[in-house]
Amino acid sequence: MTGNIIDGKEIARQLRGALRSQVQSLTAEHAVTPGLAVILVGSNAASQLYVRMKKQACAEVGITSFSHELPDDTTEDALLSLIYTLNNHPAVHGILVQLPLPPHIHTQRIVEAISPDKDVDGFHPHNMGLLATGTPLFRPCTPWGCLELLRVSGVEVAGRHAVVVGRSNIVGKPVALMLLAEHATVTLCHSRTTHLAQQISQADILVAAIGQPEKIPGAWIKPGAVVIDVGINRRADGTLCGDVCFAEALPRVAAITPVPGGVGPMTIAMLLKNTVLGAERCIA
Ligand code: NDP
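Start counting at 1 in the sequence shown, then tack on 24, and there's your number in the working numbering.
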């Protein structure tokens, strides 16, 4: 933490360092090298960038990445068939399908085709169910990254009031479940929540995952709160910002994540961690 700014980039760098050592031990002691299959369908520029970053991060920690870049017109059956092959591939411990998929492919069908034992994104209903019952196998990466930022920053979660804004299956809902598992009292807000400002003002820990630039003004935030801003938005001038107005919030809060450089780097780090966990389970 620099002042009251939670440095996600640095925390993710340290986590990758620890993972590199874990990968070295796995390889030396068990002759197992963690493997991540990364599937990209189509030519979405942002997805191509994310896939490139994930492959680079794998290389940095010694995880083998198996890249499958498929054309836009790939059929759902062809994609399913690739996933079934990877489900049974012994060198692959994690399977990641980069979202969004082209509109002719049913995303949920693809997510459910991935073996829950290799579901390093943690999106499979089986893994969501295990998370909800408090016995997670793979935790979704972005929410887990949020919890890791709180843990490393020494933020007490138990007994505190956490307010999560956003209820998507990939961020809001799982982050609320994880905070609950850490014994926070959790309020989950969404677009139909009335008196949003009042709800937010009660938060000891605020997690914003809305996807609207600087929607939450500093004045709504309780002095001394901890803010985890998941949002990644582009302002009219092209610069990136979160869902919280960072400049207004900074003087009020005990700690806050910046955008960029907060939650974003943690998402990839947790993906690597899930892949290493997948490989470790194979030898257990
Ligand atoms: P979704 O669009 O799937 O969900 C947005 C959620 O915010 C919905 O639950 C919606 O409510 C709620 N919401 C929207 N507007 C308001 C509002 N005015 N007041 C209260 N709630 C509102 O987004 P995601 O969860 O996928 O992503 C959220 C943000 O996080 C995005 O900016 C995304 O780019 C970013 N993100 C960042 C990642 C990272 O690695 N840092 C990874 C994933 C996402 P309702 O359900 O009622 O519609």
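By construction, the Cβ of each residue, glycine as well, lies at the ideal position given by its N, Cα and C atoms. In this text, all values refer to a predicted model and were calculated from it rather than measured experimentally.
So, with DSSP's three-state summary, where would you put residue i?
| i | result |
| --- | --- |
| S91 | strand |
| R258 | strand |
| G41 | helix |
| L264 | strand |
| G66 | coil |
| I35 | helix |
| V176 | helix |
| V121 | strand |
Looking only at DSSP bridge pairs, what is residue i linked to?
| i | result |
| --- | --- |
| D145 | The partner list for D145 (beta bridge, DSSP) is empty, contrary to what the question assumes. |
| V185 | Looking at the sequence shown, residue 185 is not Val but His. In the DSSP output, where bridge partners are listed per residue, H185 has T209. |
| D253 | A232 |
| A279 | V250 |
Using a threshold of 7 angstroms, is the CB atom of residue i nearer than that to any non-hydrogen atom of the ligand NDP?
| i | result |
| --- | --- |
| C213 | yes |
| T131 | no |
| R191 | yes |
| V287 | yes |
| T263 | no |
| I234 | yes |
| L201 | no |
| I29 | no |
| T217 | yes |
| T299 | no |
Buried or exposed: where does residue i fall if 16 or more other Cβ atoms within 10 Å of its Cβ makes it buried?
| i | result |
| --- | --- |
| G248 | exposed |
| C306 | exposed |
| A243 | exposed |
| A42 | exposed |
| G183 | exposed |
| G266 | buried |
Using a Cβ-based criterion (distance less than 7 angstroms to any ligand heavy atom), does residue i qualify as near the ligand MN?
| i | result |
| --- | --- |
| G255 | For the ligand MN, the structure offers nothing, since it holds only the ligand NDP. |
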